[in-house]
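Worksheet for the structure shown next.
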Amino acid sequence: MRKNIVAGNWKMNTTVAEGVALAKEVDTLLKEKSHNCDVVICVPFTHLTSVKDVIDANILGLGAENCSEHESGAYTGEVSAAMVASTGAGYVILGHSERRQYFGENNEQLLAKTKLALANSLKPIFCVGEVLEERENGSYNDVVQAQIEALFELSAEDFAKIIVAYEPVWAIGTGKTATAEQAQDMHAHIRKVIEDKYGKEIADNTSILYGGSCKPTNARELFSKPDVDGGLIGGAALKADSFMGIVEAFD
Ligand code: PEP
Numbered sequence: 203m204r205k206n207i208v209a210g211n212w213k214m215n216t217t218v219a220e221g222v223a224l225a226k227e228v229d230t231l232l233k234e235k236s237h238n239c240d241v242v243i244c245v246p247f248t249h250l251t252s253v254k255d256v257i258d259a260n261i262l263g264l265g266a267e268n269c270s271e272h273e274s275g276a277y278t279g280e281v282s283a284a285m286v287a288s289t290g291a292g293y294v295i296l297g298h299s300e301r302r303q304y305f306g307e308n309n310e311q312l313l314a315k316t317k318l319a320l321a322n323s324l325k326p327i328f329c330v331g332e333v334l335e336e337r338e339n340g341s342y343n344d345v346v347q348a349q350i351e352a353l354f355e356l357s358a359e360d361f362a363k364i365i366v367a368y369e370p371v372w373a374i375g376t377g378k379t380a381t382a383e384q385a386q387d388m389h390a391h392i393r394k395v396i397e398d399k400y401g402k403e404i405a406d407n408t409s410i411l412y413g414g415s416c417k418p419t420n421a422r423e424l425f426s427k428p429d430v431d432g433g434l435i436g437g438a439a440l441k442a443d444s445f446m447g448i449v450e451a452f453d
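Those letters in the sequence shown? Residues 203 to 453, per the working numbering, in order.
Here you go:
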């Protein structure tokens with residue numbers, strides 16, 4: 203059966219020292235009692251090794267926020283999937299709307315990144331989501347379907363390793379959350395798109411996270427929906443107590 207997952211996306215926030223302190227705090231709070239979901243923090247590349255050293259991998263997963271679509275070589279400033287994996291990280295966010303929007307990442311690049319992540323045993327947290335105009339003109343189901351279909355070159359065995367994150371772009375960092383019903387409808391649509399391609403078993407086992415202004419105050423309602431298997435958390439992941447408040451929505 204699919205897992206419930208709460209994953210933090212720290213984005214371009216915190217120095218290494220601040221990040222280590224935050225990771226330690228989350229790790230300590232997680233040890234106080236058991237929770238009904240997997241918990242992951244995705245941190246800047248510069249933080250991976252130091253954070254890895256202070257967390258217990260059995261209770262807190264670690265991921266990067268991106269990786270290169272190239273394997274290695276003359277790509278100054280890029281960080282490869284193999285490099286991320288060599289830090290001990292187990293996850294990588296791919297296709298975040300900020301990467302699509304500000305860095306022009308397209309479907310072809312995202313497929314290449316996903317293949318390299320999988321080849322290096324990283325679990326991709328693959329982000330999809332429509333912009334406000336697409337929500338308003340009613341094309342949102344088709345837009346998200348096309349983003350998912352960009353991965354359909356993957357074998358069933360590989361696709362089964364993907365975590366999907368539905369993040370309506372209009373809800374990211376805006377304080378505007380999708381209603382639990384809007385999230386449920388889109389998650390059910392995504393699961394159906396996966397089922398039509400890879401079959402019911404893989405679709406039922408794929409964790410689909412919601413992201414976009416998720417907070418302790420709205421997480422419980424969002425996570426109560428049958429196809430919402432957790433959250434990808436931006437702003438609220440930068441404070442241990444608000445992040446834990448979202449983790450506890452599964453308790
Ligand atoms: C995100 O960036 O993945 C995100 C969901 O951000 P926020 O929670 O701040 O809306």
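Glycine included, each C-beta is placed from N, C-alpha and C at the ideal position.
Measure the C-alpha to C-alpha separation of residue i and residue j and round it to an integer number of angstroms.
i: Gly275; j: Val208; result: 34 angstroms
i: Arg393; j: Lys205; result: 14 angstroms
i: Pro370; j: Val222; result: 30 angstroms
i: Ile374; j: Leu424; result: 15 angstroms
i: Asp344; j: His389; result: 13 angstroms
i: Val256; j: Leu250; result: 10 angstroms
Give me the residue from the options with the minimum Cα distance to residue i.
i: Asp398; options: Lys226, Ala358, Leu231; result: Ala358
i: Arg337; options: Gln384, Glu310, Gln303; result: Gln384
i: Ile410; options: Asn309, Pro326, Met214, Thr248; result: Pro326
If we call anything under 8 angstroms between Cβ atoms a contact, is residue i one with residue j?
i: His272; j: Ser282; result: yes
i: Leu224; j: Ile261; result: no
i: Leu264; j: Gly306; result: no
i: Ala427; j: Ala382; result: This sequence places Lys at residue 427; Ala is not what is there. In contact: Lys427 and Ala382 (Cβ atoms closer than 8 angstroms).
i: Leu353; j: Phe328; result: yes
i: Gln386; j: Asp429; result: yes
i: Ser415; j: Lys363; result: no
i: His237; j: Val366; result: no
i: Val333; j: Ile350; result: no
i: Val228; j: Phe445; result: yes
Who are the near neighbours of residue i in its chain, counting only those whose CB is closer than 6 angstroms to its CB and skipping five residues on each side?
i: Gln347; result: Val395
i: Asp240; result: Lys205, Ile207
With a threshold of 8 angstroms on Cβ separation, who are the neighbours of residue i within its own chain once the five nearest residues in sequence on each side are excluded?
i: Asn211; result: Cys244, Glu267, Ile295, His298, Gly413, Leu434, Ile435, Gly436, Ala439
Please go through the same chain and pick out, in chain order, the residues whose beta-carbon is closer than 7 angstroms to the beta-carbon of residue i, but skip the five residues on each side of it.
i: Cys269; result: Val281, Ser282, Ala283, Val286, Val294, Lys315, Leu318, Ala319
i: Phe361; result: Leu353, Tyr400, Ile404
i: Leu312; result: Leu296, Gly297, Ala352
Does any heavy atom of the ligand PEP sit closer than 7 angstroms to the C-beta of residue i?
i: Ser415; result: yes
i: Lys213; result: yes
i: Ile435; result: yes
i: His298; result: yes
i: Gly275; result: no
i: Ile506; result: Look at the range of the chain in this structure, 203 to 453, and you will see that residue 506 is not part of it.
i: Ile327; result: no
i: Ala442; result: no
i: Ile374; result: yes
Would the beta-carbon of residue i be found less than 7 angstroms away from any heavy atom of the ligand ADP?
i: Ala362; result: Absence of the ligand ADP is noted for the structure shown, with the ligand PEP being the only ligands found.
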